[in-house]
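Residue numbers (the working numbering), protein chains in the order written: chain A, 1 to 302; chain B, 303 to 701; chain C, 702 to 868; chain D, 869 to 1028.
Glycine residues also receive a C-beta, built at the ideal position from the N, C-alpha and C atoms.
All figures in this text were calculated on a predicted structure; none of them were measured in a lab.
Read the structure below first, then the notes.
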Amino acid sequence: MNTISTLVSMLIFPGGLFLVLAGLFYQWFDRKLLAVLQNRIGPRWFQPLADTIKLLAKEEVIPNGVNPYLFIGLPLVALAGALTAALYVPVAGVAPSYGFSGDLVVVLYLLSLLTLCMGLAGANSLDRFSLVGATRTLTQLFSYEAPFLLALLGPALVAGSWQVGKITTYAVNHWLILTQPIGFIVALIGLMGKLEMPPFDAPEAHTEIVAGALTEYSGRGLAIFDLGRAVELIVGLTLVSSFYLGGVASLPWFIAKTLALLFVMIGLQSLLTRLRIDQTIGLWWRYGTLLVLVQWFFMAFA
Amino acid sequence: METTVTSKSFTVPIGPQHPALKEPGHFQFTVDGEVVTQAYVRLGYAHRGIEKAAESRNWVQDLYLLERVCGICSHIHAFAYCLAVEQLAHVEAPPRAEAIRVLVAELERIHSHFLWMGVSAHEAGFDTLFMYSWRDREKVMDILEGLTGNRVNYSANLLGGVKFDIDATQAKAIREGLDFLEERAGHYLQVLSKDAMFLQRTRGIGVMTRTEAEVLGAVGPTARASFVPRDMRLTAPYSAYRQFPVQMVLDDRGDLEARFEVRVHELFESIRLIREILNNLPSGELSVRLPRRIPAGEAMVRLEAPRGEVFYYIKSNGTDKPERLKVRTPTICNLNSVIRLAVGHQLADVPMILAGIDPCFSCNDRMVTLTDAHNEGERLMTWPQLRQHGIDFYKQVGK
Amino acid sequence: MSEQNLWRDVVDGLKTWARVNSPWVIHFNTGSCNGCDIEILATLTPRYDLERMGVKLQGSPRHADVLLCTGAVTRQARERLARIYEQMPQPRFVVAIGSCAVSGGVFQGCYNVMGGIDQVIPVDAFIPGCPPRPEAIIDGVVKLLSSLEPARKMAEIPGTEGEKVVA
Amino acid sequence: MNNEEILSLAEQIVKSWNWTTEVSRSQPNQLDVKVLKLEELVPIVVGLRVKRLGYLSAIVGLDLGSAADQFEILYYFCEKNSAIVLRVHTPRVNASLPSLCEIIPSAEVFERELREMFGIDIVGLKTIEHLYLPEDWPDGVFPMLKDTQLPALPVQGEKV
C-alpha cells in the first residue's frame, strides 16, 4: 500500500509534477511582476508552459565539435539533481519525505550540481559565448556558495541539528528572521546569486554573451534546463523561507511565504544594475562572508 | 569559415547579430601585455553606397535618400542637405520655415538622447531604466508624429522650406509634452549621477583630456564632456540658431560620467530652446520655390547632430543631378577618437568607453583581434571574451 | 485507426498552440538605417509590449523561432544572414521588416546592396513601411502566427490572403 | 577671434613660407589654398597645426572626369565659423598623396576611405584594409570613380 502512496507522493503531489508546474507558475509570477514593476503588461499566465511545450517540439540541433552524449545527458542530470534536492525539503508544507542528519549539505550539493551541469554544458561546446558563459557560471558558483551555506548554517546551529526536517520544526515556533536578521539578508542575496537573478546574471548576460552557457542549446535540452531551473527556484525559496520565515506548516502558509520572499527578490531585481562578474566576486567574498561571521559572532555571544 | 584551432592563435568568426538595437562593426587592437598599443576600426556592414547613389538621382530624390542615412538623426541629414542646396541656389528659406526646422531638430535631439540613455542602460544591464526611458521617449515620438505624421524619418524638410505648419493646438501639445519630459529628465539626471551601481560603471573610466579630445578630433557631447567648446549651433550658428542662441553644455571631467551628464543637461537646453521658439515663432510662408537645375558651384555645411558635427559637401554642375555629394557622419570622428583613446588604456576599460560615445551604430559583435606585440601570435576575441579578459586582469591586480 | 488520428490531432493541436503562443524572436540588422530597428525595440517597451503575446527577444539563433530582418542586405552582411538562418532550428520563420528588407527600398540599385531579404533567404512575412509603426510590426507577427494555425482556420482570419502574409 | 582674423592669420601662415600656392576667397568665410606642389602639403598642414588653427573636419575626393584626367582632393580645416580648404590636384593614373596620419591621427579613417573609393595610393598610411567595402570586393574596382563599371551582385543561389 505505502509503495503506491510513496509513488504518488514522489511523482505527483510534493514530488515531480507538482514541483514542475509550481516552478513554472513561480517563473510566470517572476516575469509578470518584473514586467509590472517596469509598467509593462507582462506575459499571460500560461506563458512558461507554452514556452516549454514549444521548446520540446522544436528540432534538437547538436553542433559539431561537441560530445553528443554529454550534450544530451547534462540537462537530464541537472533536472534530476534539482528534483532529488526537493525530496529533502518541506515542499508544499508537507514534511520532507526523506531525511537524515546532515541532509542540508546534500540539498545544497544537489542544487549546485545543476549549476555545475550548466557550466559543463557551456564548456562542452566550441562556441566562444558558451565558453565565457561557462567560466562565469562556475566563478559565480564558487563566490556565492560559501556565504550562502554559512547563512543557512545559522539556523542549523540554533536548532542544534543539520537535518532540514528538524530545523524547520524548530523554526516553526521562533521566527529566526528576528534573531538572525543579517543571516537572513545574506541567505536572500545568496539565493538570488544561485538563481542568477539580475544583479548576478552575468553568466547569461543578455546583451554581452548572448545566452551564456546555453547558447548552443535548443529544443529539448534547453527545455529541460529551464525546468531544472524552475524546480531550483522552488527548492531555494522553500529552503530560505522554511528556515527564516518561521517554517512552512501548511500549503497556504507555504505559498504565502514563498511568494512574499519572491516578491522581495523581484523588487531587488528590478532596482539593481547587473554587476560585473569581478564586482560580484568582490561583493561576496568581502561583504557576504564577513556579514555572516558577524552574525555568528552575535549568535555565539548574544 | 570554420573554426581553426592552432596552438598560438585561434580565430572563430562569429556572425554579427544582437538582441538590442545594434549594427555590426569590428575593432582591432594590438596589445602589449595589458596596454593597448594600436587600434583601428573596420566598418562596412551597413555601407550602402549612398554617395554613389546620390549622383544618379535628381535633387528632390536625393532628399529622400539622405533622410535614410541614419534612422535616428534623419532630420539633421535632410536639414544639412537642404541648407547646402539652398546655399548653392543662393536662396534663403523663409524665417518661419527655419524656426520650424530648428524646432524639429531639437525634438530629434531629445528623442535621440532618450534612446541612447535606454540603450546604454540596457547594455550595462539596468533594464528598468531602459524600459522607463523608452516609455518616456514615446512622448517625444507622439509630438513628432503629431507634427509631421511619422514617428521616425519624419521628412519635415523640403528643398527651400518646411512641409507643415505649427498651429495653436499643436503648440499646446508640444508644451505639455515638454513639461512631462523636463520632469522625467530631472529624474534621470538623479539616477545617472547618484545611483551607486551605475556609477561603478562610469566614474573615472575612459578619461579624455581636453588636448586629447582636440587632437583626436572628437565631436559633439563626447568632446564637450572634455571641455572642448565645439558645438556647431554656437561656434558656427546656422539657420534659426542665429536668432535663438543656445548655451553650450560643458564638463571638464572628461570621463564616462561626464559624457552621460552632458547629454542629459543638453535635454534641458533643448527643451528651453523649443519653448523659446514656440513663444516667438516668426510668421510668414513656409517654403520658397527652388529651380529644377541648381546652378554650378560647391557648398559646404556643418551642422550639430545629436552625436556631433555632421559635414556635408555638395558640388553641382548645373544639371538636375549633383556631381558629388560627401557626407561625413559624427560617429566616424567619435569612433576615431575613441579608438585612439583606447591606445594606452587598459584593455579592461574598452567596452564601456565604446558604449559611452553613443555611436550611431553601437557595434554589437565588436569582434576584437589582439595581435601580441611580442610573439606575433594573434588572438581573436569576441566582445564578451574581451570583458572576461578584463575581469581576469582585475582579479590578479586585486583591485 | 481513428483514435490514433485523435491522439495525433491532440498532440499536433498542442504543438501548434504552443508555437503560436510563444514565438521567440531574434533580430538581425543587415545594413538598415536603424529606423526599423528602433521600432522593433519600441514594440518591446511598455507602450506596445510584445511580451504579452509571448514574444521574447533572444540573443542566440538556436533559441529563436522568428528571425526579424531589417535593412536591404549589404554584400558584407549577406553571408552572415544566410549563416544565421541556417543556425536556427526548424519550424523557423523569417519576417522582413521595412521597405528596405521587403524590396531594397530607397537603396534599390546601389552597388553594395542586394536589395531585399528574399534575395538571400526565403521570407514568410513582409511588413512594408519606412519604418513600419510598432502596431504594424505587431500586426505582422500576429498574422504570421495565426497563419500557423491549420489551414482550415486560415479563412476566418481577416486580412490574410493567399500564402504570403502581408501585414 | 572672429572669422576675418582667422582667415587673415591663415593667409599669413601660407604666405610666410614661400610655398607655391594660390590663395583665394571663393566663399564668404572660406579661404581656398590651391597647393601646386604635392610635397608642400604636409609642411602647410604642420604650419596650421603649430598655430592650432582649425581641426581637420573632412577630406573630400573629387573625380574631375577622364577628360581633365585629374583628381581634386579637398582638406577642410575648420575653426569656429570659417574653413580653410587645401586643394590638391593629382593625375588620375596611379595617383599618390602624402599621408597626414603622423600629424593628425584622426586623418587615418578619412584617408582609408579615400584610398578605397578612389584608388589613390596614400604614402605612409599604416592600415590598408577596406574600411567600408566588403571583403569579397574585387580589387582594382573603385566605386566613386565616374567611369567605373560596378561588379555584378552575387546571385542568390551562389554558395557563400
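{"query": "Residue range of the unbroken alpha helix (DSSP H) whose run includes G620 (chain B)", "result": "Per DSSP, G620 (chain B) belongs to no alpha helix (DSSP H) and is neither H nor E."}
{"query": "Below-8 Å beta-carbon distance, V721 (chain C) vs any chain B residue", "result": "no"}
{"query": "Contacts that Y456 (chain B) makes with chain C (C-beta to C-beta distance below 9 Å)", "result": "None at all; the shortest Cβ gap to chain C is about 10 Å."}
{"query": "N-terminal and C-terminal residue of the alpha helix (DSSP H) that A538 (chain B) is part of", "result": "Looking at the DSSP string, A538 (chain B) is not in any alpha helix (DSSP H), and its letter there is neither H nor E."}
{"query": "Local Cβ density within 10 Å of I12 (chain A), reported as buried at 16 or more and exposed below that", "result": "exposed"}
{"query": "Cβ of K844 (chain C) within 8 Å of any chain A Cβ", "result": "no"}
{"query": "Identified DSSP bridge partners for Y923 (chain D)", "result": "D:C946"}
{"query": "C-beta neighbour in chain C for S218 (chain A), strict 8 Å", "result": "yes"}
{"query": "Burial state of D660 (chain B), where buried means 16 or more other Cβ atoms lie within 10 Å", "result": "buried"}
{"query": "Cβ-Cβ separation, P203 (chain A) to A213 (chain A) (assumed contact under 8 Å), whole Å", "result": "7 Å"}
{"query": "Chain-ordered chain B contacts of I739 (chain C) [CB-CB under 7 Å]", "result": "L323, G373, I374, L417 and V454"}
{"query": "Short Cβ contact (8 Å threshold) for R561 (chain B) with T513 (chain B)", "result": "no"}
{"query": "G463 (chain B) - partner residues in DSSP beta bridges", "result": "B:L460 and B:S589"}
{"query": "Proximity test, Cβ basis, 8 Å: L1018 (chain D) and chain F", "result": "Although the question refers to chain F, the structure presented lacks it and instead comprises the protein chains A, B, C and D."}
{"query": "A826 (chain C) versus V464 (chain B) - alpha carbon distance", "result": "36 Å"}
{"query": "Contact list for R512 (chain B) against chain A, beta-carbon separation under 9 Å", "result": "In chain order: nothing, as chain A lies at least about 29 Å away."}
{"query": "Span of the beta strand (DSSP E), counted from its first residue to its last, around G599 (chain B)", "result": "G599 to A607"}
{"query": "Which of helix, strand or coil DSSP assigns to A675 (chain B)", "result": "Annotation note: pLDDT 44 at A675 (chain B) (below 50); position unreliable, no value reported."}
{"query": "Residue-level contact to chain C via CB, P1006 (chain D), 8 Å cutoff", "result": "no"}
{"query": "Interface flag, Y615 (chain B) vs chain D, CB-CB below 8 Å", "result": "yes"}
{"query": "Integer-rounded CB distance, given that T273 (chain A) should sit under 8 Å from A426 (chain B)", "result": "6 Å"}
{"query": "Residue burial classification, H489 (chain B) (beta-carbon count within 10 angstroms, cutoff 16)", "result": "exposed"}
{"query": "Per-residue DSSP class, three states only, for I990 (chain D)", "result": "strand"}
{"query": "Three-way DSSP call (helix, strand, coil) for S884 (chain D) in this model", "result": "helix"}
{"query": "DSSP-derived helix/strand/coil call for T771 (chain C)", "result": "strand"}
{"query": "Three-pair Cβ contact test at 8 Å for the region 450-469 of chain B versus the region 393-400 of chain B", "result": "yes"}
{"query": "Same chain, Cβ closer than 7 Å to A743 (chain C), neighbours up to 5 away in sequence not counted", "result": "Y749 and P835"}
{"query": "Spatial distance of N677 (chain B) from T995 (chain D) (CA atoms)", "result": "In this predicted model, N677 (chain B) has a pLDDT of only 44, less than 50, meaning its place in the structure is not dependable; the value taken from the coordinates is given anyway. Using only the alpha carbons, I get a separation of about 20 Å."}
{"query": "Under the three-state DSSP convention, the category I798 (chain C) falls into", "result": "strand"}
{"query": "Residue-level contact to chain B via CB, P832 (chain C), 8 Å cutoff", "result": "yes"}
{"query": "Min CB distance G755 (chain C) to chain B below 8 Å", "result": "no"}
{"query": "Within-8 Å CB hit, P1011 (chain D) to chain C", "result": "yes"}
{"query": "Close-in-space but distant-in-sequence residues of the same chain around P63 (chain A) (CB under 7 Å, 5 per side omitted)", "result": "S125 and E216"}
{"query": "Best match in C:W708, C:P790, C:L768 and C:M754 for proximity to G219 (chain A) [C-alpha to C-alpha]", "result": "C:P790"}
{"query": "Proximity below 8 Å, CB of E600 (chain B) to CB of K617 (chain B)", "result": "yes"}
{"query": "Bridge partner(s) assigned by DSSP for H957 (chain D)", "result": "D:E940"}
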